[in-house]
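Counted the way the UniProt record's numbering counts, the sequence shown spans residues 1 to 165.
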Amino acid sequence: MALSPVWWHCDMKRLMRKNYILLDANQWPLIDLSSTSNVVLLFFPLAFTGTCTKELCSARDDISKYQKLNATVVAISVDSLFTLGKFREEQKLPFDLLSDFNKEVSRKYDSLYEEFPLFGLKGVTKRSAFVIDKHGIIRYAEILADATKLPDFAKIKEALEQCGK
């Protein structure tokens with residue numbers, strides 16, 4: 001479904017204001033993510049899979065670039081918080097992985113496969129990337145239909161540069 005930039009600007013700002021709770025052993029109101037810095041919000045299908053590992057390790061390897069752009073990286077999947085904790089530990093990821101186990105946030109961000117094309121699983125997060133400025137406005141959105149593709153990290157960084165520090 002192609003969405004107009006106006007929809008992203010208006011509706012996503014409303015979604016950011018809504019107080020969704022995500023888990024990492026603590027509860028995270030989603031609105032808190034963008035209060036002091038820009039946010040790179042990465043939705044990924046499943047921990048411990050090849051493309052997801054590549055995606056998050058790419059973000060890990062570029063973390064200093066994101067920090068210089070005043071950006072906090074956060075990744076979300078429908079995996080349990082226990083699975084995400086182990087995945088984060090094994091991959092030495094310097095950013096938070098949040099569980100959307102109930103699929104509420106993934107669904108609201110149009111980032112949920114009703115049926116995951118690779119394994120036929122139901123309710124798996126779509127690989128998606130959002131750049132949210134410190135005012136809570138979505139400045140970049142990419143929702144990938146093909147789970148084997150990675151987000152365009154160059155465009156993510158470009159959007160962060162336009163957000164300013």
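The beta carbon of each residue, even a glycine, is placed where N, CA and C say it ideally should be. Given the structure is predicted, the values throughout are model-derived calculations rather than measurements.
Original post:
Is Glu55 helix, strand or coil when you go by DSSP?
Top reply: helix
**OP:** Within its chain, find whatever has a CB closer than 7 Å to the CB of Ile143; leave out the 5 residues flanking it on each side and keep chain order.
**Re:** Asp110, Ser111, Lys126 and Ser128
**OP:** Using the Cα positions of Tyr79 and Leu42, report the straight-line distance between them to the nearest angstrom.
**Re:** Checking the sequence shown, residue 79 turns out to be Asp, not Tyr. Here the alpha carbon of Asp79 sits roughly 14 Å from the alpha carbon of Leu42.
Subject >> Proximal residues to Lys103 (C-beta, below 7 Å), its chain only, five neighbours per side dropped >> reply: Val78, Leu112 and Gly123
**OP:** In angstroms with no decimal places, state the Cα-to-Cα distance between Glu161 and Leu69.
**Re:** 6 Å
**OP:** Could you say which of Pro117, Ile76 and Lys86 lies nearest to Ser106 if we only look at CA atoms?
**Re:** Ile76
**OP:** Consult DSSP for Ala75 and reduce its assignment to one of helix, strand or coil.
**Re:** strand
Subject >> Expected contact under 8 Å - CB spacing of Gln91 and Thr53 to nearest Å >> reply: Right, the Cβ-Cβ distance comes to about 6 Å (below 8 Å), so this counts as a contact.
**OP:** Following the continuous beta strand (DSSP E) through Arg139, name the residue where it begins and the one where it ends.
**Re:** Ile138 to Ile143
Subject >> Unbroken alpha helix (DSSP H) run spanning Ser64, endpoints >> reply: Ile63 to Lys68
Original post:
In the DSSP assignment, what residue or residues form a beta bridge with Ala129?
Top reply: Leu42 and Glu142
Subject >> Leu112, enclosing beta strand (DSSP E) - first and last residue >> reply: Per DSSP, Leu112 belongs to the beta strand (DSSP E) from Leu112 to Glu115.
Original post:
According to the neighbour-count rule (16 or more other Cβ atoms, all chains shown, within 10 Å of its Cβ), is Asp146 buried or exposed?
Top reply: Exposed, by the Cβ-count rule.
Original post:
Can you tell which of Phe44, Asp133, Lys108 and Leu150 has the C-alpha that lies nearest to the C-alpha of Thr36?
Top reply: Asp133
Subject >> Under the three-state DSSP convention, the category Ser99 falls into >> reply: strand
Subject >> Exposure of residue 191, with buried meaning 16 or more beta-carbon neighbours within 10 Å >> reply: Given that the chain is displayed from residue 1 to residue 165, the structure contains no residue 191 and the question cannot be resolved.
Original post:
Shortest alpha-carbon distance to Asp152 belongs to which of Val73, Gly136, Ile137 and Phe130?
Top reply: Phe130
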